[in-house]
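Engineer: After the structure tokens below, expect a handful of questions from me.
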Amino acid sequence: MIVHQLSVFLENKSGRLTEVLETLGQGNIKVTALSVADTSEFGILRMIVSDPEKAKKLLKEKSFTVNLTEVLSIITPNEAKYYAKALKILSDIEISIEYTYAFSVGEKSVIILRTNNAELAIKTLQEHAIELLKASDLYMI
Amino acid sequence: MNIWNRHFECMDRDELRIVQGERLRETVERVYFHVPFYRQKMQEKALGPENIQTLDDLSKLPFTTKSDLRDNYPFGLFASPMSEIVRLHASSGTTGKPTVVGYSRRDIATWSEVMARTLTSAGATRDDFIHIAFGYGLFTGGLGLHYGGEKIGASVIPVSGGNTKRQLQLMHDFGSTVLACTPSYALYLAEALEESGLKREELRLRVGVFGAEPWTENMRREIEEKLQIKAIDIYGLSEVIGPGVASECLSQKGLHINEDHFYPEIIDPETLEVLPPGNAGELVFTTITKEGLPLIRYRTRDLTHLNYEKCSCGRTFVRMEKCLGRSDDMLIIRGVNLFPSQVESVLLEMSEIKPYYQLIVDRVNNLDEIELKVEVEEQFFQDKIGQLMALRQKIQQNLESSLGLSIKITLVEPKTLERFDGKAKRVVDKRNF
Chain B
427 MIVHQLSVFL ENKSGRLTEV LETLGQGNIK VTALSVADTS EFGILRMIVS DPEKAKKLLK
487 EKSFTVNLTE VLSIITPNEA KYYAKALKIL SDIEISIEYT YAFSVGEKSV IILRTNNAEL
547 AIKTLQEHAI ELLKASDLYM I
Chain L
425 MNIWNRHFEC MDRDELRIVQ GERLRETVER VYFHVPFYRQ KMQEKALGPE NIQTLDDLSK
485 LPFTTKSDLR DNYPFGLFAS PMSEIVRLHA SSGTTGKPTV VGYSRRDIAT WSEVMARTLT
545 SAGATRDDFI HIAFGYGLFT GGLGLHYGGE KIGASVIPVS GGNTKRQLQL MHDFGSTVLA
605 CTPSYALYLA EALEESGLKR EELRLRVGVF GAEPWTENMR REIEEKLQIK AIDIYGLSEV
665 IGPGVASECL SQKGLHINED HFYPEIIDPE TLEVLPPGNA GELVFTTITK EGLPLIRYRT
725 RDLTHLNYEK CSCGRTFVRM EKCLGRSDDM LIIRGVNLFP SQVESVLLEM SEIKPYYQLI
785 VDRVNNLDEI ELKVEVEEQF FQDKIGQLMA LRQKIQQNLE SSLGLSIKIT LVEPKTLERF
845 DGKAKRVVDK RNF
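Those protein sequence lines, which keep their order, are chains B and L.
In case it helps, the numbering used here puts the first sequence at residues 427 to 567.
In case it helps, the numbering used here puts the second sequence at residues 425 to 857.
Rendered as structure tokens:
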């Protein structure tokens, strides 16, 4: 149930994001989801891709600073109340969410979560009948 | 007129040479018998005090460098017992440790004397109000000017650095007539004055004595125009005594060296040969009256040349040209000395990073700014903004506490810093003085 998200350090310079995506493109890597966390000086690019290990290798060859971060991914009907329910379940057991991002595919929403306790989060969400995506499912969306 | 000590400052040069020779002999004896470092160095060359009779024998003696001071940190080169050391000062060293200097009571008196000469040569008298905006503390600037001002009987205002608004207020309300600070701060004050409500006509500033960093004739003209004062260059280094080693007279044609206390030589920084008068090279000083920390042939790393012609002011002391270059990689940021190797030392102590860095120095609005770019390596990239920010802050804090300078830290991607022959180019200095 653990999903490997690609995290890339980006300087606040134009062209950096483009170069990352071009590199992935050359390797035929598909990007399922993407978000950028920014400060005024630098950003962290987070992506769910079709082949995280290969993507990491390609980016490292281009001297990018890359890491794979463990996140979880849940899938719910496409309504905000389901997102809210999932977040409440986690906050009730005091799991903190470092960041999250989501996207919709047809009638469904896919939500990526980075928590401070992935195992407990997975267990609790499953107990509440929330569906979690396997990595292989997520990469191929 | 404007000469504090006519007896020495206008002394016949032959007579001066005799005085210097006597003082050199006394100093060599003092260091031979009281400083193991010098005794050993002299014995290695089979030299005793009796082999140094005149100034011509000086070149037989070895040089002293900043790293000798570092290797003997803190008090290893002192020639007086600590009970006789009444003051300690410090300035930057090449690595983590500062360069420490010590003064006996008589050294403080000597320092006050040469500072009195410095202020007098700029036209200051007991009727002046001396506004000291050099930092007070371990730095020799503030206290050096302070004791000189008191010696000539002027009214000394020990403002120290910072708080520009207050500086201008006091300048106005107290009627400061003589300004002492770094030349870049003088320009900064000039602009702050324009932006404040105060008018230049309401100030009584007449002259400024500026030093602790290199500055060009262009900068001098700018200061003189903007502040409507005469801008006098003063030179010193804490190892030799602090400010007071040399200063310009009002003709502004070179800085007179107080050579009855500090004997100058010019050497080729590569071959270490002493160069004839008029040749440009590295300035070397032998202190001939200091007791606490006498130094033999101390390499300043400052580049200049000496002019032995008599000055129109009447002084016979040799003049040195304004220093504009160094024979090492030391930087001066807002009057504070910085060696790139100091930055490297701090970074090496931090296990989170590899020291692939670059220092960028620039002057913005007349103030020096320094930025450190550090490459982000995979080991410490944790995908958390908070962690990267905390790391940046930690680097900044570590540097500030070691160097006394506030440096802006920018995290950059790996391999983005210029490399020259495999070694990164450590310093980019964008300033044009």
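C-beta: ideal position from N, C-alpha, C; glycine also.
Predicted, not measured: the structure shown is a model, and the values here were computed from it.
Between the beta-carbon of residue 558(L) and the beta-carbon of residue 524(L), is there less than 8 Å?
Structural biologist: No, the pair does not count as a contact, with Cβ atoms beyond the cut-off.
Engineer: What does the Cβ neighbour count give for residue 460(L), buried or exposed, with the cut at 16 atoms within 10 Å?
Structural biologist: When all chains shown are included, residue 460(L) counts as exposed.
Engineer: Give the residues of chain B in contact with residue 793(L), contact being defined as C-beta atoms less than 8 Å apart.
Structural biologist: Correct list: empty, because the minimum Cβ distance to chain B is about 16 Å.
Engineer: In its own chain, which residues sit with a C-beta less than 6 Å from the C-beta of residue 614(L), not counting the 5 before and 5 after it?
Structural biologist: Answer for residue 614(L): 650, 651, listed in chain order.
Engineer: Quick check on the DSSP output: the alpha helix (DSSP H) that includes residue 642(L) runs from which residue to which?
Structural biologist: 641-651 is the span of the alpha helix (DSSP H), which, as asked, contains residue 642(L).
Engineer: On the three-state DSSP scale, how would you describe residue 554(B)?
Structural biologist: DSSP places residue 554(B) in coil when its eight states are reduced to three.
Engineer: I'd like to check one pair, residue 434(B) with residue 475(B): are the Cβ atoms closer than 8 Å?
Structural biologist: The answer is no: Cβ separation not under 8 Å.
Engineer: Would you kindly work out how many angstroms separate the C-alpha atoms of residue 490(B) and residue 671(L), rounded to a whole number?
Structural biologist: Rounded to whole angstroms, residue 490(B) to residue 671(L) spans 53 Å at the Cα level.
Engineer: With a 10 Å radius around its C-beta and 16 neighbouring C-beta atoms as the bar for buried, classify residue 503(B) as buried or exposed.
Structural biologist: Exposed: under 16 other Cβ atoms inside 10 Å.
Engineer: Taking Cβ-Cβ distances shorter than 7 Å, what residues in chain B pair up with residue 809(L)?
Structural biologist: Per Cβ cutoff of 7 Å: 463, 465, 470.
Engineer: Beta-carbon of residue 823(L) versus every beta-carbon of chain B: anything under 8 Å?
Structural biologist: Answer no: the Cβ-Cβ gap between residue 823(L) and chain B never drops below 8 Å.
Engineer: Any idea if residue 444(L) is buried or exposed, counting beta-carbon neighbours within 10 angstroms, 16 or more meaning buried?
Structural biologist: Under this definition residue 444(L) is a buried residue.
Engineer: Between residue 858(L) and residue 785(L), is the Cβ-Cβ spacing less than 8 Å?
Structural biologist: With chain L running from 425 to 857 in the structure shown, residue 858(L) is simply not present.
Engineer: Tell me, please, whether the CB atom of residue 880(L) is closer than 8 Å to any CB atom in chain B?
Structural biologist: Given a span of 425 to 857 for chain L in the structure shown, any question on residue 880(L) remains unanswerable.
Engineer: Taking contact to mean 3 or more Cβ pairs, one atom from each stretch, closer than 8 Å, check whether the stretch 782-797 of chain L and the stretch 830-837 of chain L are in contact.
Structural biologist: At 8 Å Cβ cutoff, the stretches touch.
Engineer: For residue 690(L) and residue 486(B), what's the separation of their Cα atoms in angstroms?
Structural biologist: Spanning the two alpha carbons is a distance of roughly 53 Å.
Engineer: Three-state secondary structure (DSSP) at residue 676(L)?
Structural biologist: Looking at residue 676(L) - three-state DSSP - the assignment turns out to be coil, as it is neither helix nor strand.
Engineer: Closer than 7 Å by C-beta to residue 497(B): which residues in its own chain qualify, once you throw out the five before and the five after it? Chain order, please.
Structural biologist: Excluding sequence neighbours, residue 497(B) sits near 429, 431, 538, 539, 540.
Engineer: Name the DSSP bridge partner or partners of residue 655(L)?
Structural biologist: Residue 655(L) pairs with 632(L).
Engineer: Output the boundary residues of the beta strand (DSSP E) element that contains residue 617(L).
Structural biologist: Looking at the DSSP string, residue 617(L) is not in any beta strand (DSSP E); the run it does join, the alpha helix (DSSP H), is 607-619.
Engineer: If you reduce the DSSP assignment to three classes, tell me which class residue 493(B) lands in.
Structural biologist: The answer is strand: DSSP assigns residue 493(B) an E or B state.
Engineer: Which residue spans inside the stretch 492-524 of chain L form an unbroken beta strand (DSSP E) run of at least 3?
Structural biologist: DSSP runs (the beta strand (DSSP E)) wholly in the stretch 492-524 of chain L: 509-515.
Engineer: Got a sec: is the Cβ-Cβ distance from residue 493(B) to anything in chain L below 8 Å?
Structural biologist: Answer yes: the Cβ-Cβ gap between residue 493(B) and chain L drops below 8 Å somewhere.
Engineer: Counting only beta-carbon atoms, is residue 813(L) nearer than 8 Å to chain B?
Structural biologist: Yes, its Cβ sits closer than 8 Å to a Cβ of chain B.
Engineer: Counting only Cβ pairs nearer than 8 Å, list the residues of chain L close to residue 440(B).
Structural biologist: Correct list: empty, because the minimum Cβ distance to chain L is about 13 Å.
Engineer: Could you work out which residue in 842(L), 540(L), 789(L) is closest to residue 798(L) when comparing CA atoms only?
Structural biologist: Per the Cα distances, 842(L).
Engineer: Give me the Cα-Cα distance between residue 474(L) and residue 451(L), rounded to the nearest whole angstrom.
Structural biologist: Cα-Cα distance, rounded: 12 Å.
Engineer: Please state whether DSSP places residue 473(B) in a helix, a strand or coil.
Structural biologist: DSSP places residue 473(B) in strand when its eight states are reduced to three.
Engineer: Does the stretch 475-483 of chain L come close enough to the stretch 493-513 of chain L that 3 or more CB-CB pairs lie under 8 Å?
Structural biologist: At 8 Å Cβ cutoff, the stretches do not touch.
Engineer: Residue 518(B) by DSSP, collapsed to three states: which one?
Structural biologist: Residue 518(B) falls in the helix class under three-state DSSP.
Engineer: Beta-carbon within less than 8 Å of residue 647(L)'s beta-carbon, same chain only, minus the 5 sequence neighbours each way: which residues are those?
Structural biologist: 607, 610, 611, 614, 632, 634, 653, 655, listed in sequence order.
Engineer: Quick check: the Cα distance between residue 677(L) and residue 502(L), rounded to an integer number of angstroms?
Structural biologist: One C-alpha to the other measures close to 35 Å.
Engineer: So, do the stretch 660-670 of chain L and the stretch 559-573 of chain L have three or more beta carbon pairs nearer to each other than 8 Å?
Structural biologist: Contact between the stretch 660-670 of chain L and the stretch 559-573 of chain L is present, because at least three Cβ pairs lie under 8 Å.
Engineer: How far does the alpha helix (DSSP H) with residue 565(B) in it reach, from first residue to last?
Structural biologist: Residues 561-565.
Engineer: Alpha carbon to alpha carbon, how far is residue 434(L) from residue 536(L)?
Structural biologist: The straight-line gap from Cα to Cα measures roughly 19 Å.
Engineer: Just the chain L side, please: which residues come within less than 9 Å of residue 520(B) by C-beta, in chain order?
Structural biologist: Here the premise fails: no neighbours, minimum Cβ distance about 19 Å.
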